[in-house]
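In the UniProt record's numbering, the protein residues as written are 1 to 157.
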C-alpha cells in the first residue's frame, strides 16, 4: 500500500466533461499542484452519497482556502456513472474521476474484493498530494467512516 512521503504511481483516470471524455495522466494532473484525492467504494452507494462526497462538496471552498488547487473523487466505476453521480450531488467544484478497471486503485495497493457486491473496488480513503507526493493518507478501517472525511482532511492542512 502507498505510504505518506511516496510519489503516486503511474496511472490514468477518466473524466466525462461537457467537452467529452478526458483521460488524465495522474502524474500530469498533480504536477506542481496540491490536490485532495478521495476514494469511495461505489458511486450512488449509501455512505458515499449521504456523507463522504457531500462533505467534500460542503468544505470545497475551505479546502481551497488552505491552498488546495483541486479536489478529486475517484471510484472504480465508469466515467458516465461518475459524471451522473457528481451532477446528482451538486459536485461541480470536484473532479469526478473513474478508475474503470481498478488499475490505479491496484497500483496504490488500496483495492478490496467485494465479491458479488461489485467485484474489485477501492477502499475508502482520502489523501493530500503535493506535486505528486502523498503528504497525508487516511485509509478507513473496513465499514468505517471517520478518518477520510472532508473535516479530517481540512484539519490536516
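Just so it is clear, CB atoms sit at the ideal spot from N, CA and C, and this is done for glycine as well.
query = Do you know offhand how far residue 72's Cα is from residue 17's?
reply = 14 Å
task = Spatial neighbours of residue 27 within its chain, please: CB distance less than 8 Å, with the 5 preceding and 5 following residues excluded, ordered by chain position.
result = 8, 10 and 132
inquiry  = In whole angstroms, give me the CA-to-CA distance for residue 80 and residue 25.
reply    = 18 Å
request  = State the start and end residues of the unbroken alpha helix (DSSP H) segment that holds residue 30.
outcome  = 26-30
inquiry  = If the criterion is Cβ atoms closer than 7 Å, does the pair residue 159 and residue 121 meet it?
reply    = Examination of residue 159 is not possible in this model, given that the chain is present from 1 through 157 alone.
key: Assigned exposure category for residue 148 - 16 Cβ within 10 Å defines buried   = buried
request  = Could you spell out where the alpha helix (DSSP H) holding residue 62 opens and where it closes?
outcome  = 60-65
key: Where the alpha helix (DSSP H) containing residue 108 begins and where it ends   = 103-108
ask   = Does the beta carbon of residue 17 sit closer than 7 Å to a beta carbon anywhere in chain D?
value = Looking at the structure shown, chain D is missing, and only one protein chain is on hand.
key: Same chain, Cβ closer than 8 Å to residue 138, neighbours up to 5 away in sequence not counted   = 125, 126, 127, 147, 148, 152, 153 and 156
query = Taking the alpha-carbon positions, what's the residue 30 to residue 60 distance?
reply = 17 Å
ask   = Can you tell which of 2, 12 and 63 has its C-alpha closest to the C-alpha of residue 101?
value = 12
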